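In this note's numbering, the protein residues as written are 293 to 741.
The beta-carbon is built from N, C-alpha and C at its ideal position, and this holds for glycine as well.
Because the structure is a prediction, the values reported are computed rather than measured.
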Amino acid sequence: MKSDSLSRRSTLKLLGSGLAAGSLPVAALQTPAASPPAPAESPAVLADRARRMKWWHEARFGMFIHWGLYSVAGRHEWVMENEAIPVAEYEQLAKRFNPRPNAARDWARLAKRAGMKYMVMTTKHHEGFCLFDTKTTAYCAPKQAAGRDLVKEYVEAARAEGLRVGFYYSLMDWHHPDGARCEKDEAARRRFVDYVHAQLRELLTQYGKIDILWYDVSWPLEAEGWESKKMNEMVFALQPDIIVNNRNKLPGDFTTPEQRIEAAEEGRAWEACMTMNGSWGYQAADDDWKTPKQVVRNLISCARDGGNYLLNIGPKPDGSIPEESVKILESVGAWTAKNGDAIYAVDRCQPRRSNYATFTRKGTTLYMHLHFWPGSEAVIGGFLVPVKAARLLASGQKVAFTQDPLRVRFTGLPAAAPDQPVTTLAIECASEPKQDQYVTRRDRKREQV
Ligand code: GLC
Numbered sequence: 293m294k295s296d297s298l299s300r301r302s303t304l305k306l307l308g309s310g311l312a313a314g315s316l317p318v319a320a321l322q323t324p325a326a327s328p329p330a331p332a333e334s335p336a337v338l339a340d341r342a343r344r345m346k347w348w349h350e351a352r353f354g355m356f357i358h359w360g361l362y363s364v365a366g367r368h369e370w371v372m373e374n375e376a377i378p379v380a381e382y383e384q385l386a387k388r389f390n391p392r393p394n395a396a397r398d399w400a401r402l403a404k405r406a407g408m409k410y411m412v413m414t415t416k417h418h419e420g421f422c423l424f425d426t427k428t429t430a431y432c433a434p435k436q437a438a439g440r441d442l443v444k445e446y447v448e449a450a451r452a453e454g455l456r457v458g459f460y461y462s463l464m465d466w467h468h469p470d471g472a473r474c475e476k477d478e479a480a481r482r483r484f485v486d487y488v489h490a491q492l493r494e495l496l497t498q499y500g501k502i503d504i505l506w507y508d509v510s511w512p513l514e515a516e517g518w519e520s521k522k523m524n525e526m527v528f529a530l531q532p533d534i535i536v537n538n539r540n541k542l543p544g545d546f547t548t549p550e551q552r553i554e555a556a557e558e559g560r561a562w563e564a565c566m567t568m569n570g571s572w573g574y575q576a577a578d579d580d581w582k583t584p585k586q587v588v589r590n591l592i593s594c595a596r597d598g599g600n601y602l603l604n605i606g607p608k609p610d611g612s613i614p615e616e617s618v619k620i621l622e623s624v625g626a627w628t629a630k631n632g633d634a635i636y637a638v639d640r641c642q643p644r645r646s647n648y649a650t651f652t653r654k655g656t657t658l659y660m661h662l663h664f665w666p667g668s669e670a671v672i673g674g675f676l677v678p679v680k681a682a683r684l685l686a687s688g689q690k691v692a693f694t695q696d697p698l699r700v701r702f703t704g705l706p707a708a709a710p711d712q713p714v715t716t717l718a719i720e721c722a723s724e725p726k727q728d729q730y731v732t733r734r735d736r737k738r739e740q741v
């Protein structure tokens with residue numbers, strides 16, 4: 293079947309179910325992987341990007357917040373499309389969405405305790421309901437039951453905790469009458485694109501300095517139809533320090549692998565976004581929670597390869613955070629509080645071969661993150677650089693080691709892991725830590741291997 297012969301609803305259902313199942317190549321539909329390669333950028337453009345993104349690269353860990361009318365239904369943020377709910381029926385949810393004041397303060401405090409450095413909140417998801425004050429539609433929180441600007445509350449809450457502020461904004465809109473027909477009807481496209489650009493202008497003028505603009509799903513238009521170049525130009529004219537992602541069909545400043553960790557090529561920034569269970573929006577019965585260990589391991593893997601980790605919460609309709617998410621983030625926070633040196637502002641790290649550890653690096657310090665405690669001894673094979681000293685990162689306790697041309701062994705470790713969910717060794721090296729991951733086997737004399 294040709295993709296343009298799919299109906300809007302079947303296309304969207306496909307997208308939605310693919311997201312839920314994590315199986316379809318959704319990313320291909322919304323990231324520049326499907327777009328032509330970006331033209332080479334000038335040194336001035338690259339320098340400006342480096343300036344704008346410095347804080348972001350150091351930050352490594354952010355909180356994603358998916359919140360909207362779908363939280364009232366409590367069956368995932370795609371409930372409108374996946375259950376084919378008519379617009380007029382779905383709109384009724386706006387009468388029941390009246391969160392308690394300043395719920396965002398709890399999100400921001402939790403983000404801070406978890407060791408997150410920035411937040412990105414859905415200002416408008418695919419359902420089309422705006423959490424911000426807008427002149428463009430009455431379908432927004434201040435003009436419905438909530439009676440106030442929820443984006444303003446969020447921005448103030450994030451700033452109060454010293455966290456950077458990001459806005460997620462879905463280009464795709466299931467509520468706007470032109471949101472689908474804009475693909476084939478030029479007058480509809482003109483109206484809809486004006487609507488979207490006007491909303492972005494409001495978002496970037498009403499709340500002071502905004503640090504990130506996180507576009508999402510560009511269906512059914514391409515960059516030309518969205519006027520994405522003009523869109524980004526407006527964004528940067530209004531917010532010269534902002535960074536933007538790649539989901540308006542332009543490369544933007546960073547790539548956005550979804551529900552997976554996949555480094556971009558060297559020199560290109562990337563951020564893996566993930567749910568904590570299987571849903572972005574609140575889904576009451578979704579109990580498919582990640583463990584704190586999985587979250588910490590994911591954060592480490594992102595940091596190792598120079599990426600960021602954007603981890604989602606889906607607040608309930610009253611704004612409270614699902615209890616399980618709180619528990620997970622509290623555990624993660626206890627770990628980052630003691631092991632943050634191994635995460636924030638780290639450099640890309642080459643060593644990666646181990647069955648029980650993952651590595652990160654800052655300068656000449658290698659961090660060995662032991663997620664399966666090996667017992668009294670931990671070993672790195674093929675280690676190429678002299679080790680000068682080693683210690684347990686959280687306690688500072690010295691760790692003994694021996695090194696020969698094949699491996700370095702850390703010895704005299706306690707029988708049980710001293711830290712949960714991961715114990716980290718800080719290993720001071722004579723130069724940038726490097727591991728021979730491929731060649732040692734060839735050079736070793738070992739029969740039967
Ligand atoms: C997908 C989904 C959406 C979610 C987003 C987060 O695009 O459609 O529900 O907000 O991923 O990356």
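Which word fits L304, buried or exposed, when buried means at least 16 other C-beta atoms lie within 10 angstroms of its C-beta?
Annotation note: pLDDT 45 at L304 (below 50); position unreliable, no value reported.
Taking DSSP's pairing of strands, which residues face A564 in a bridge?
Paired residue(s): Y601.
Who are the near neighbours of E475 in its chain, counting only those whose CB is closer than 7 Å to its CB and skipping five residues on each side?
Excluding residues within five positions, the ones whose Cβ falls inside 7 Å are P512 and L513.
Using C-beta distances below 8 Å, list every residue in its chain close to E478, excluding the 5 sequence neighbours before and after it, in chain order.
So the list is empty, once near-sequence residues are dropped.
If I'm right that A815 touches C594 with Cβ under 8 Å, what's the distance once you round it to whole angstroms?
The question about residue 815 has no answer here: the residues shown for the chain are numbered 293 through 741.
From this set, F356, E383 and Q436, which residue's C-alpha is nearest W399's C-alpha?
Minimum Cα distance to W399 is reached at F356.
Between which two residues does the alpha helix (DSSP H) containing C594 stretch?
Residues P584 to R596.
State the start and end residues of the unbroken beta strand (DSSP E) segment that holds Q695.
Note, Q695: beta strand (DSSP E), A692 to Q695.
Is H358 near ligand 1 - that is, is its Cβ less than 7 Å away from at least one heavy atom of it?
Yes - ligand 1 has a heavy atom lying nearer than 7 Å to the Cβ of H358.
Would you check if the distance between the CB atom of Y574 and the CB atom of G366 is smaller than 8 Å?
Cβ atoms of Y574 and G366: closer than 8 Å.
Buried or exposed: which applies to P549, given that a residue is buried once 16 or more other Cβ atoms fall within 10 Å of its Cβ?
With 16 or more other Cβ atoms within 10 Å, it is buried.
Assess, as a yes-or-no matter, whether the stretch 630 to 646 is touched by the stretch 654 to 661 under the definition of 3 or more beta carbon pairs within less than 8 Å.
Cβ pair count under 8 Å is three or more, so yes.
Return yes when the C-beta of W572 is under 7 Å from any heavy atom of ligand 1, and no when it is not.
Correct: W572 has its Cβ closer than 7 Å to ligand 1.
Taking buried to mean at least 16 other C-beta atoms within 10 Å of its own C-beta, is F651 buried or exposed?
Per the 10 Å Cβ criterion, buried.
Go ahead and pull the three-state DSSP assignment for A556.
A556: coil per DSSP, three-state reduction.
Assuming G606 and S571 make a contact with CB atoms under 8 Å, what is their CB distance in whole Å?
Confirmed, about 6 Å.
Quick one: complete beta strand (DSSP E) runs, 3+ long, within the stretch 386 to 458?
Whole beta strand (DSSP E) segments, 3+ residues: 410 to 416.
Under three-state DSSP, which class holds P317?
The predicted position of P317 is uncertain, since its pLDDT is 37 and thus under 50; a value taken from the coordinates is nonetheless stated next. Coil.
Does the Cβ-Cβ distance between V677 and R699 come in under 8 Å?
No. Outside cutoff.
Which residue comes first and which comes last in the alpha helix (DSSP H) that contains V379?
Note, V379: alpha helix (DSSP H), V379 to E383.
Indicate whether E389 and P609 have their beta-carbon atoms separated by less than 8 Å.
For clarity, residue 389 is Phe in the given sequence; the question names Glu instead. Contact: yes.
Could you spell out where the alpha helix (DSSP H) holding K522 opens and where it closes?
Counting along the chain, the alpha helix (DSSP H) containing K522 begins and ends at S520 to L530.
Taking D696 as the reference, give the member of N374, G559, G674 and A707 with the closest Cα.
Ranking the options by Cα distance to D696, first place goes to G674.
So, do the stretch 338 to 354 and the stretch 529 to 540 have three or more beta carbon pairs nearer to each other than 8 Å?
Touching, per the Cβ criterion.
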